[in-house]
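K.L.:
Dropping a structure here in structure tokens format, bear with me for questions.
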Amino acid sequence: LFGKFHMFKFSKQTINGLLVCSSVFICGSCYCMNQKIQENLTKFPFHNRALEMFSQHEKAVNALGSPVKIGAVRWYDLKKNYVNDHTCQWNLNVVGTRDAGVLVIRGKKVDNRWHLNLELQLEGVKQAYVIFEEPLSLDTKQEENQLKEE
Numbered sequence: 011l012f013g014k015f016h017m018f019k020f021s022k023q024t025i026n027g028l029l030v031c032s033s034v035f036i037c038g039s040c041y042c043m044n045q046k047i048q049e050n051l052t053k054f055p056f057h058n059r060a061l062e063m064f065s066q067h068e069k070a071v072n073a074l075g076s077p078v079k080i081g082a083v084r085w086y087d088l089k090k091n092y093v094n095d096h097t098c099q100w101n102l103n104v105v106g107t108r109d110a111g112v113l114v115i116r117g118k119k120v121d122n123r124w125h126l127n128l129e130l131q132l133e134g135v136k137q138a139y140v141i142f143e144e145p146l147s148l149d150t151k152q153e154e155n156q157l158k159e160e
């Protein structure tokens, strides 16, 4: 039935070793890919500007409690986290010593400029802090130049 492959007999120990090695390789590759995607996502200028504005908003930081840890973008959740030619939205988990929540970054591109809005939704309270109500404009050409410099 197996023809010429019949001469290759592997012990269960060898097969299990191959399975473990290949599993470790696949998991390591997925981890590295995720890290690289996270690194690329943080290079967007509006991401850095939004985090800078969030860290300077005293009420939001006090509500969470210092120090505040900001989670990674869940890039695989395309309903909550996406960037396209005209709109963007990222939900970042934030955790402080008092409370935790989600920092929502929304953007809309109008005339080659990104207009951003930031909102902090706390878990413990049914209250949302609007961190930036008026649209913050980031010029697309400025973005492209910043990406080229990095």
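Mapping the sequence shown onto the working numbering, position 90 (from 1) lands on 100, and the numbers just tick up by one. Don't be surprised by glycine CBs; every beta carbon is placed ideally from N, CA and C.
#1: Can you give me the start and stop residues for the alpha helix (DSSP H) that E62 sits inside?
#2: Beta strand (DSSP E) containing T97: first to last residue?
#3: Check for me: the alpha helix (DSSP H) holding A70 runs from which residue to which?
#4: Looking at A138 and L130, is the spacing between their C-beta atoms short of 8 Å?
#5: Below 8 Å between beta carbons: does that hold for V78 and V104?
#6: Could you give the distance in angstroms between the alpha-carbon of Q66 and the alpha-carbon of G117?
#7: Check Q23 in the structure and name its three-state DSSP category.
#8: Looking at L51 and I80, is the spacing between their C-beta atoms short of 8 Å?
#9: Can you tell me which of the three DSSP states L11 falls into?
#10: Quick one: grab the DSSP three-state call for N44.
#11: Let me check one thing: in DSSP terms, what residues is G10 bridge-paired to?
#12: From the DSSP output, which residues share a beta bridge with V140?
#13: From E133 to E68, what does the alpha carbon distance come to, in whole angstroms?
#14: Alpha carbon to alpha carbon, how far is S32 from H96? Give it in angstroms, no decimals.
P.N.:
Taking the structure as given:
#1: The residue given as residue 62 occupies position 52 in the sequence shown. First-last of the alpha helix (DSSP H) with E62: P55 to S65.
#2: Stepping through the sequence shown from its first residue, residue 97 is reached at position 87. Element bounds for T97: T97 to V105.
#3: Taking the first residue of the sequence shown as position 1, residue 70 is located at position 60. Here the alpha helix (DSSP H) through A70 covers E68 to L74.
#4: If you number the sequence shown from 1, residue 130 lands on position 120. If you number the sequence shown from 1, residue 138 lands on position 128. Yes; because the gap between Cβ atoms is below 8 Å, this pair is in contact.
#5: Taking the first residue of the sequence shown as position 1, residue 78 is located at position 68. Taking the first residue of the sequence shown as position 1, residue 104 is located at position 94. Against a cut-off of 8 Å, the Cβ pair of V104 and V78 comes out as a contact.
#6: Here residue 66 corresponds to residue number 56 of the sequence shown, with the count starting at 1. Here residue 117 corresponds to residue number 107 of the sequence shown, with the count starting at 1. Each residue's alpha carbon lies about 19 Å from the other.
#7: Translated into positions along the sequence shown, residue 23 becomes position 13. Looking at Q23 - three-state DSSP - the assignment turns out to be helix.
#8: Residue 80 sits at position 70 when you count from the first residue of the sequence shown. Residue 51 sits at position 41 when you count from the first residue of the sequence shown. Result no, Cβ atoms of I80 and L51 do not sit closer than 8 Å.
#9: As a first step, residue 11 is located in the sequence shown; it is residue number 1 there, counting from the start. Residue placement at L11 is poorly supported in this model, since its pLDDT is 48, which falls under 50; the coordinates still yield a value, given next. Residue state, collapsed to three classes: coil.
#10: By 1-based counting over the sequence shown, the position of residue 44 is 34. The answer is helix: DSSP assigns N44 an H, G or I state.
#11: Residue 10 lies beyond the residue range present for the chain, which begins at 11 and ends at 160; the question has no answer from this structure.
#12: For the purposes of this step, residue 140 is taken as the residue at position 130 of the sequence shown. Its beta-bridge partners are E129.
#13: To locate residue 133, count along the sequence shown from 1; it is residue 123. To locate residue 68, count along the sequence shown from 1; it is residue 58. When rounded, the distance between both Cα atoms is 18 Å.
#14: On the sequence shown, residue 96 is found 86 positions in, with the first residue counted as 1. On the sequence shown, residue 32 is found 22 positions in, with the first residue counted as 1. Distance between the alpha carbons of H96 and S32 is about 41 Å.
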